[in-house]
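In what follows, a structure is listed as structure tokens, so that the remarks can point back to it.
Numbering (the working numbering), first residue to last: 8 to 634.
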């Protein structure tokens, strides 16, 4: 007998342990084979034959243990199921059959009707006919329930009429026990009326809940059946209006009708054609929608803006949004045509090369032109055309030279000789790259000075270490006198102080002599200044042109000439009645000083005895450039 999947899963751990115990290690293939044997319902002989390639000598022992485990599992499951069934049977005998309760709980949860614990005798409720649905209260059940509740209340009233009400006892403040409710037959008439009203109200609520559920189920008539409508009739009998639920129109698909030949027809018998939707890409669907949208925009009547008095045709209206960029797909076969064209071109070039190579071998040079597609020559070689091809673009069409010998124009002063101007060397070699000077900050200057002094000190230390020069004397000052000399300063302080002051004077004298040796003489300073002004044009010659209205004053002319000579500027002065031009060339430093002379130092507006004021400013105008 074959086992179920659940039973095999329960048996799998035991088989794995057995395989490990028999073989000494776990083998998944043996476990899988054993499960297949048990699952297919094989007997011991077939299972041993099936497992023999895996287990060899231990096959029979493993198969016996396997089938023993299977039988034990079956017996344990059988005993467990029988105990469960007996337990369920005992529960049914004690609590009754709960099939109806389970059905009610699976459907709509009903409200329980409380029972009167105080009443000793409970009337039996007659169940409804078996044809009605067990999940709802029928009209007869509701009526019987109401009659039973009314009968219980009447009996309770009769019992209360024979029992006198107990005398109330005054409450003492020392009593700490709470007041107990009346038990047994001691029920007040007001409590009985309250119980009756509660029972009627709960029955009414249960009926309303069932009516609401049945009204919801009425929307789906095929779910349970027409027996669900019994609750609605019960509500009308009890005087309860059921809730109104609007039924929505149910849309049903159109029935498919086929004739004898298999064609689709309608109810009248006419043949109809169904639309078949072909699968396509999203890009194609978007393209179709885009075209439809553009067509709708074209068909939409645009407002006549030109008729408006405020319309300006010169103003262009920018779109509200940037036009969306879309994919541009190439047509099918486009690149195939391009490739075919390239292949054809390559074949033609190869053919032309072969023809030209054959022509060279045969010695026929003119045969190479046969492969070239070129227009035929109308003129013979050596003939001069009337119009050259480069002139044909500018000469109008239909132009003809009627005169055989056109008149020749003579141009005076033009000869066939070519004049070559003399080549002059530039004043400055512009090929040299212009380099800017490096300007260091104060911090960088101090750092560079420290590095230079450190390197010089290291060189002196190396010379002293190698014995090339004697070691320097200790630098003694008044402040470090006691620390350097030590005991000598204590023995004869006056002598030591004189010695220290002599060293200080010696160092001061050496410093001043070094400065005096480095100091330039007046002649050297003059040469240096001239050299700086003359070498200033190495980076380029700057030219300045000043336009002066009146230069008749000899003092001003002298100032211009003297300062130009001192600044080593070259140039020229052009004198005229109303316009005087001063042209100077030199370096940037000299030009800066001369500019200050011309624009600020010379007072051009001053009037002398020989000049008269013209009523306008005499300040010169400036133009500068670099050559």
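Here a beta-carbon is modelled for each residue, glycine too, at the ideal position from N, C-alpha and C. Quick caveat, the model's predicted, so the values are computed rather than measured.
Test item: CB-CB of residue i and residue j under 7 Å
i           : j           : result
residue 578 : residue 591 : yes
residue 55  : residue 66  : yes
residue 3   : residue 29  : A question about residue 3 goes unanswered here, because the residues of the chain that appear run from 8 up to 634.
residue 575 : residue 599 : no
residue 48  : residue 15  : no
residue 434 : residue 555 : no
residue 59  : residue 25  : no
residue 74  : residue 51  : yes
residue 278 : residue 270 : yes
residue 156 : residue 206 : yes
residue 203 : residue 160 : yes
residue 503 : residue 509 : no
Backbone secondary structure at residue i - three-state DSSP
i           : result
residue 39  : helix
residue 631 : strand
residue 17  : helix
residue 574 : coil
residue 485 : coil
residue 173 : Low confidence applies to residue 173: its pLDDT is 46, below 50, so where it sits in the model is not reliable enough to give any reading.
residue 551 : strand
residue 593 : strand
residue 524 : helix
residue 78  : helix
residue 388 : coil
residue 46  : helix
residue 503 : helix
residue 28  : helix
residue 345 : helix
residue 63  : helix
residue 317 : coil
residue 6   : A query on residue 6 cannot be resolved here, the shown segment of the chain reaching from 8 to 634 and no further.
residue 124 : In this predicted model, residue 124 has a pLDDT of only 43, less than 50, meaning its place in the structure is not dependable enough to derive any value.
residue 480 : coil
residue 438 : coil
residue 204 : helix
residue 601 : helix
residue 545 : helix
residue 609 : coil
residue 338 : coil
residue 359 : helix
residue 23  : helix
residue 398 : coil
residue 330 : coil
residue 421 : coil
residue 534 : helix
residue 403 : coil
residue 4   : Missing from the structure shown is residue 4; the chain here goes from 8 to 634 and no further.
Whole-angstrom distance between residue j and residue i, CA atom to CA atom
i           : j           : result
residue 471 : residue 440 : 45 Å
residue 537 : residue 482 : 43 Å
residue 606 : residue 533 : 27 Å
residue 506 : residue 456 : 32 Å
residue 442 : residue 596 : 17 Å
residue 296 : residue 286 : 16 Å
residue 291 : residue 36  : 55 Å
residue 511 : residue 487 : 13 Å
residue 220 : residue 213 : 11 Å
residue 356 : residue 395 : 31 Å
residue 452 : residue 446 : 9 Å
residue 558 : residue 564 : 7 Å
residue 498 : residue 489 : 11 Å
residue 389 : residue 344 : 45 Å
residue 304 : residue 294 : 15 Å
residue 493 : residue 449 : 40 Å
residue 115 : residue 164 : Reliability fails at residue 115, whose pLDDT of 42 lies under 50, so the model's placement of it is uncertain and no value is given.
residue 57  : residue 41  : 9 Å
Anticipated Cβ contact below 8 Å, residue i with residue j, distance rounded
i           : j           : result
residue 609 : residue 589 : About 11 Å; that fails the 8 Å criterion.
residue 550 : residue 632 : 6 Å
residue 552 : residue 630 : 4 Å
residue 604 : residue 570 : 5 Å
residue 539 : residue 527 : Actually they are not in contact, since the Cβ atoms of residue 539 and residue 527 sit about 13 Å apart, beyond 8 Å.
Residues sharing a beta bridge with residue i, DSSP
i           : result
residue 271 : 265
residue 588 : 554, 581
residue 278 : 272
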